[in-house]
Amino acid sequence: MSDGLKVHANVATPKQTNDIVKKYGFKFKKSLGQNFLIDQNILKNIVHAAELDETKGALEIGPGIGALTQELAQSAGKVTAVEIDNRLIPILRDVLSGVPNVHIEHGDVLKLDLRELLDTQFKGMTGISVVANLPYYVTTPILMKLLEEKLPLEHIVVMIQKEVAQRMAAKPGGKEYGSLSVAVQYYCVPQLVCIVPHTVFIPQPNVDSAVIKLSLRDKPPVDVPDEDHFFRTVQACFAQRRKTIANNLTAYVGKTHRELLGPLLEGCGIDPSRRGETLSLDEFAALSRALLAINLPNQSEAV
Ligand code: SAM
0 MSDGLKVHAN VATPKQTNDI VKKYGFKFKK SLGQNFLIDQ NILKNIVHAA
50 ELDETKGALE IGPGIGALTQ ELAQSAGKVT AVEIDNRLIP ILRDVLSGVP
100 NVHIEHGDVL KLDLRELLDT QFKGMTGISV VANLPYYVTT PILMKLLEEK
150 LPLEHIVVMI QKEVAQRMAA KPGGKEYGSL SVAVQYYCVP QLVCIVPHTV
200 FIPQPNVDSA VIKLSLRDKP PVDVPDEDHF FRTVQACFAQ RRKTIANNLT
250 AYVGKTHREL LGPLLEGCGI DPSRRGETLS LDEFAALSRA LLAINLPNQS
300 EAV
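For the sequence shown, numbering that gives the first Met the number 0 begins at 0 and goes up steadily by one.
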């Protein structure tokens with residue numbers, strides 16, 4: 000925001016948040032993941048990670064009473080904030096009145112046509128990032144929607160449950176590495192920005208949180224001719240984590256084709272006794288290409 004206009008005091012303090020909640024008689028809905036941030040430093044860390052400037056747009060998901068929105072409006076050229084809870088819309092309009100570069104959109108982010116929203120809201124901007132303190136009950140569906148729809152985003156900087164952030168950034172070989180790590184790392188380069196204690200929210204959630212920065216790749220890091228098939232292969236390899244790849248893949252391709260798996264895995268340089276959690280993205284891609292090449296019937300079915 001070029002003129003530095005800021006009519007309302009910062010929302011992200013315990014006093015301001017409690018005053019606003021009291022003024023409007025607002026009752027938190029646990030079912031909507033409503034935990035509002037009350038720490039200005041963490042907000043600054045989140046916004047800093049998003050690398051915004053006045054030529055960039057920020058899409059915020061779930062602005063709550065506007066704590067992060069206020070901060071974003073000072074760094075980005077334009078902020079569009081999508082909030083599902085209609086009780087929060089008048090509060091947001093009040094808190095953000097006098098802040099000219101914010102648009103509040105009432106809606107469910109999972110149902111909105113985000114490509115159209117980005118097109119209409121951020122015309123002429125040099126880049127768009129998603130910046131949010133996400134509702135934890137729908138973190139993965141929201142992130143997968145952003146990634147699978149291949150929206151024109153630079154970064155996704157989000158506060159999420161700590162364990163989910165660690166799974167997204169996990170490297171092969173550990174128990175945190177799974178199909179979510181592969182999916183996220185196929186589309187993005189993940190970076191854990193900071194761990195956030197549960198004490199900086201009103202009300203306090205039961206879990207700790209983390210801020211993760213996902214920088215969207217221009218193109219995937221591996222050669223995958225059929226993305227759906229690649230992700231089905233990955234799912235199949237993690238279907239039962241304690242089983243070997245050979246066993247998990249037998250369930251995937253059907254017992255009658257079992258004898259093909261040994262040579263196929265060998266051809267990819269993968270020991271059949273390994274577990275899915277040890278495979279790199281390169282190895283999953285090689286496996287998917289090899290399975291696709293022999294075109295077994297069962298692979299089209301979800302496992
Ligand atoms: N950004 C605020 C902050 O940091 O204090 C609030 C974050 S709170 C964790 C999550 C917000 O997401 C709530 O305001 C909630 O109502 C909203 N929300 C939940 N589900 C949503 C959905 N499907 N679409 C849009 N907003 C949603």
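Heads up, the beta-carbon is just placed ideally off N, CA and C, and yes, glycines get one too.
In the DSSP assignment, K55 falls within the unbroken beta strand (DSSP E) covering 55 to 60. In the three-state DSSP reduction, G275 falls in the helix class (H, G or I). Under DSSP, K77 forms a beta bridge with G56. Between the segment 64 to 77 and the segment 86 to 103 there are three or more C-beta pairs closer than 8 Å, enough to call the two in contact. Around the beta-carbon of K14, fewer than 16 other beta-carbon atoms lie within 10 Å, marking it exposed.
For D84, the Cβ falls inside the 7 Å cut-off from some heavy atom of ligand 1. Apart from sequence neighbours up to five positions away, the residues of its chain that approach E282 with a beta-carbon distance below 7 Å are C267, I269, ordered along the chain. A check of alpha carbon separations from T54 across L145, I19, L36, N100 identifies N100 as the nearest.
Contact between the segment 221 to 239 and the segment 256 to 263 is absent: fewer than 3 CB-CB pairs across the two stretches fall below 8 Å. Rounded to whole angstroms, Y186 and R216 show a C-alpha spacing of 6 Å. Residues of the same chain with a CB within less than 6 Å of the CB of V98, apart from the 5 flanking positions on each side, are A72 in chain order. DSSP assignment within the segment 113 to 175 yields the following whole alpha helix (DSSP H) runs of 4 residues or more, N-terminal first: 113 to 120, 138 to 147, 161 to 168. Nearest Cα to R114 within the set E147, D84, L87: E147. Burial state of H105 is exposed, judged by a 10 Å Cβ sphere holding fewer than 16 other Cβ atoms. Here the alpha carbons of P220 and S287 stand approximately 15 Å from one another.
Counting every other CB atom within 10 Å of its CB across the protein chains shown gives E70 a total of 16 or more, marking it as buried.
Bridge pairing for L215: C187 [DSSP].
Our two residues, I293 and V252, have alpha carbons roughly 11 Å apart in a direct line. In chain order, I60, G61, I141, V157, M158, I159 place their CB closer than 7 Å to the CB of L133, counting only its own chain and leaving out the 5 sequence neighbours on each side.
Taking a C-beta distance under 8 Å as the contact criterion, F229 and L36 do not qualify as a contact pair. For E104, the enclosing beta strand (DSSP E) has its first and last residue at 101 to 105.
Excluding five sequence positions before and after L42, the CB atoms of its chain that fall closer than 7 Å to its own CB belong to A11, L36, A66, L67, E70, given in chain order. Scanning H102, S74, L109 for the CA closest to the CA of Y136 turns up L109.
The closest heavy atom of ligand 1 lies 7 Å or more from the beta carbon of I103.
Contact between A49 and S128 holds: their C-beta atoms lie close to 5 Å from each other, under 8 Å. Scanning its chain for C-beta atoms nearer than 7 Å, with the 5 sequence neighbours on each side dropped, one finds around N9 the residues Q15, Q39, Q69, in chain order.
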